Amino acid sequence: MMNFILAPSAIADLKEISDYFLQKNVEAGEQLFQKFNKRFESLTRFPKLGKPYPKLHPEIRGLLEQNYIIFYRISSESVEIVRIVDARRNLLELFKEER
């Protein structure tokens, strides 16, 4: 089975999400982070679970969890979680440096 790796950008996204929920609703934030972790684990077993996002980057796939998209890349040994972002954001702008 593969493992998952959190890229520095994904860690920064998680910190931002955490900071938001610390201000708004700690319990909801804890539940969301548990769901994220389950999704990360699911991706190690089923790496093609998410859909491709070729307009963002040829290697990027994404999986929706509540209002967030978990963006990731698949390698031979791991799933790299690259970003975790609000689905309402301008995704093309967010990934323009990646293209």
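As numbered in this note's numbering, residues 355 to 453 make up the sequence shown, in order. Glycine is no exception: its CB is placed at the ideal position from the N, C-alpha and C atoms. These figures come from a predicted structure and were not determined experimentally.
Buried or exposed: which applies to residue i, given that a residue is buried once 16 or more other Cβ atoms fall within 10 Å of its Cβ?
i      : result
Ala441 : exposed
Val433 : buried
Arg400 : Note on residue identity: the sequence assigns Phe, not Arg, to residue 400. Result: exposed.
Ala366 : exposed
Of the residues the options, which one's Cα is nearest the Cα of residue i?
i      : options                           : result
Pro408 : Ala361, Lys450 and Asn357         : Lys450
Ile359 : Gln385, Asn379 and Phe425         : Phe425
Val439 : Gly416, Gln377, Glu431 and Gln385 : Gly416
Leu448 : Ile423, Lys405 and Lys378         : Ile423
Glu419 : Ala382, Glu413, Val436 and Arg393 : Arg393
Taking the beta strand (DSSP E) that residue i belongs to, which residues open and close that run?
i      : result
Asn444 : Asn444 -> no beta strand (DSSP E), and no H or E assigned at all.
Ile414 : Per DSSP, Ile414 belongs to no beta strand (DSSP E) and is neither H nor E.
What do you reckon, is the C-beta of residue i under 6 Å from a heavy atom of the ligand FMN?
i      : result
Arg393 : Judged by which ligands are present, the structure shown has none, so any question about the ligand FMN falls away.
Within the same chain, show all residues whose beta-carbon is closer than 8 Å to that of residue i, passing over the 5 residues directly before and after it, in chain order.
i      : result
Lys402 : Arg415 and Ile428
Leaving out five residues before and five after residue i in sequence, what residues of the same chain have Cβ atoms less than 7 Å from its Cβ?
i      : result
Met356 : Thr398, Pro401, Glu431, Ser432 and Val433
List, from N- to C-terminal side, the beta strand (DSSP E) runs of 3 residues or more that fit wholly inside the region 366-443. 415-419, 422-428 and 432-440
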